[in-house]
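Please read the structure below before turning to the comments.
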Amino acid sequence: MIDIVEEGNRLIQFTYEGIFEEILDQLGQMPLPPYITHQLKDKNRYQTVYAKYDGSAAAPTAGLHFTPELLQQVKDMGVDIAEVTLHVGLGTFRPVKVDNILEHHMHSEFYMVTQEAADKINNAKKNGHRVICVGTTSCRTIESAADENGMLKESSGWTEIFIYPGYQFKVLDCLITNFHLPESTLLMLVSALAGREHVLAAYEEAVKEGYRFFSFGDAMFIQ
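Under my numbering, the sequence shown has 248 at position 30, and the numbering climbs by one with no breaks.
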């Protein structure tokens, strides 16, 4: 261990000869939300069908609803799909513990937007089409990468974006997302888009009707 850094995290240096990712897969365990108390027998259950890069501490759970067949149906409808990358940090599971949300410190997450993805999103905005994000992860990515005019370009870096009620979205029009933990930054992001009262009403209806919550639960479409 080299150092203890912010939020009690540890900075570790490994010494290993060989393919490092392989030994990590052998010795490590997939990080799971605190409400999933058993390791998954099939890791693919907590992986989207379109994931490409190692690095995220959690799955973008809204994307778990998509199969290759469903993605093809979406494309056949004329929807142009742009792929962006966000390495979700462990802090995504951390509840907000301060009374004043302005005092909450967001964890850093690495994001990446290719020129191809930026062009697709920019063209959609210019042509009056809606930009629909699958998951709060995609939302945080494009809102972090956009300039003040809502335009994107090829970029990568670290973001600590905190979206809560009052935030003015620069790119996002609609959102597909699961039902989130109370007192979480993800729930605040959803409330920033839909309005707190609408979100509370939707959650009450979901509880009443027996909807499933969290990672393997149901999703909602917000516009």
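Beta carbons are placed, not taken as given, at the ideal position from N, Cα and C, and that holds for glycine.
Exclusion of the five residues before and after Q247 leaves Q257 as the residues of its chain whose Cβ lies within less than 8 Å of its Cβ.
In the DSSP assignment, A275 falls outside any alpha helix (DSSP H), carrying neither H nor E. Taking 8 Å as the cut-off, the beta carbon of I339 is found no closer than this to the beta carbon of R358. When the Cα atoms are used, F387 and G273 turn out to be separated by approximately 26 Å. Within the region 271-347, the runs of beta strand (DSSP E) that reach at least 3 residues and sit entirely inside it are, in chain order, 303-305, 327-331.
Taking each of H416, E366, D221, T355 in turn and checking the Cα distance to T266, the smallest one comes out for T355. Contact between the region 298-314 and the region 334-353 is present: three or more C-beta pairs spanning the two stretches fall below 8 Å. Under the criterion of beta carbons closer than 8 Å, V306 and E327 qualify as touching, at roughly 6 Å. At the C-beta level, T395 and G353 come within 8 Å of one another. Of all C-beta pairs linking the region 422-440 to the region 396-404, three or more are shorter than 8 Å, placing the two stretches in contact.
Excluding sequence positions up to five before and after M295, its CB lies less than 6 Å from no other CB in the same chain. Non-local beta-carbon contacts of K293 in its own chain, meaning distances under 8 Å to residues more than five positions away in sequence, involve I299 in chain order. Across the set A280, A275, Y268, the C-alpha of Y268 shows the shortest separation from the C-alpha of E287. With a threshold of 16 other beta carbon atoms within 10 Å, I319 falls short and is exposed.
Following the DSSP letters along the chain, one finds I241 inside the alpha helix (DSSP H) bounded by residues 238-245. With 16 or more other Cβ atoms from the protein chains shown falling within 10 Å of its own Cβ, A412 counts as buried.
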